[in-house]
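Numbering (our numbering), first residue to last: 314 to 458.
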């Protein structure tokens, strides 16, 4: 799925959480190249290495965050990210928290946190907070009950 080339639609800002534990150095570069080419990359964090959460019989993850702008609406952009995962060889197996080439999740949309993983997991929050600091952005981060 390619993004529209004209920017007549309003642009949305999106924080994306990236995670990989199958050849993560390779897939991080690939994901960054695709997203940089197809979206407007505004900022990104350094990658951090983290222990797996949930299913433990797997390698550590590399995690990072990106800030991009897109003319797509949120659900269309979510579908776009799933398509990028597929292009990078993502296999969705029986173990939801199992190994993956790339996991791309929307953490915040237009300044509002929409993924409670931001509040629950340092591997999400730390990279997003790094991007917030470097980009001068703020989030409405009231924990949802």
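For every residue, glycine included, the Cβ atom is placed at its ideal position computed from N, Cα and C.
Under the DSSP assignment, residue 435 falls in the alpha helix (DSSP H) whose first and last residues are 435 to 448. Nearest neighbour of residue 326 by Cα position, chosen from 369, 419 and 433, turns out to be 419. In this structure, DSSP gives residue 379 an extended state, which the three-state scheme calls strand. It is roughly 14 angstroms from the alpha-carbon of residue 380 to the alpha-carbon of residue 387. DSSP, read as helix, strand or coil, puts residue 386 in coil.
One alpha carbon belongs to residue 384, the other to residue 392, and they sit about 14 angstroms apart. Residue 338 counts as exposed, since fewer than 16 other beta carbons sit within 10 angstroms of its beta carbon.
Distances from the alpha-carbon of residue 403 to those of 349, 323, 332 and 322 put 332 closest.
Scanning its chain for C-beta atoms nearer than 6 angstroms, with the 5 sequence neighbours on each side dropped, one finds around residue 367 the residues 410, in chain order. Under the three-state reduction of DSSP output, residue 333 falls in the strand class. Residue state for residue 418 is assigned as strand, using DSSP reduced to three classes.
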